[in-house]
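Let me begin by presenting the structure, written as structure tokens, before commenting on it.
In our numbering, the protein residues as written are 55 to 222.
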């Protein structure tokens, strides 16, 4: 059970638990969540305490970030088939795993690099999902590490590269 002021992730959004209340619609006891980066308090979400959908999880820990950096090179990419990239990205984005975001980032990055090498225009679908995945990943890391977004992005990328070199 979460307490008031706990920071959690609901679907892909980092949120603060601001209270509990009974839903007028279902009668279930719910957490009142406010998106972490919404400072005006106008946006709140009610999420059942039972978490039946499984979309509510703990914020990644610093140890979890270290482990994610270590595992990032092993995260598989999506099959590069231009005809269904949007549906592949969308399906992975619906998941709750933080590794799914790494999968999207790696896939988009590799597809963009290949297109650049082949002197082709970058695919807008890759750019769109790369931006979404980076925003969700680095916003969560930023809160967990207490660092600005850009510093978290730089830290994650450098740490993954450093660990890959150590493996060689």
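Just so it is clear, CB atoms sit at the ideal spot from N, CA and C, and this is done for glycine as well.
| query | result |
| --- | --- |
| In the structure shown, what three-state DSSP assignment does residue 156 receive? | helix |
| Could you work out which residue in 129, 208, 178, 70 is closest to residue 166 when comparing CA atoms only? | 178 |
| Given a cut-off of 8 angstroms, decide if residue 71 and residue 60 are closer than it, judged by their beta-carbon atoms. | yes |
| Only counting runs of 4 or more residues, tell me where the alpha helix (DSSP H) segments fall wholly within the region 169–211, in order along the chain. | 178–199 |
| Grouping DSSP H, G and I as helix and E and B as strand, with all else coil, what is residue 58? | coil |
| Which residue's Cα is closest to the Cα of residue 182: 168, 105, 141, 194? | 141 |
| Who are the Cβ neighbours of residue 82 in its own chain at under 6 angstroms, not counting the five residues just before and after it? | 102 |
| What residues match up with residue 85 in a beta bridge as DSSP calls it? | 74, 101 |
| Could you tell me which of 88, 57, 67, 73 sits nearest to residue 189, measuring between CA atoms? | 67 |
| Who pairs with residue 217 in a beta bridge, going by DSSP? | Beta-bridge pairing links residue 217 to no other residue. |
| Which runs of the beta strand (DSSP E) spanning at least 3 residues fall entirely within the region 105–130, listed in chain order? | 110–112 |
| Please name the residue, chosen from 113, 170, 125, that lies closest to residue 200 on a Cα-to-Cα basis. | 113 |
| Does the distance from the C-beta atom of residue 162 to that of residue 184 stay below 8 angstroms? | yes |
| With respect to the alpha helix (DSSP H) encompassing residue 140, which residues constitute its N-terminal and C-terminal limits? | 139–147 |
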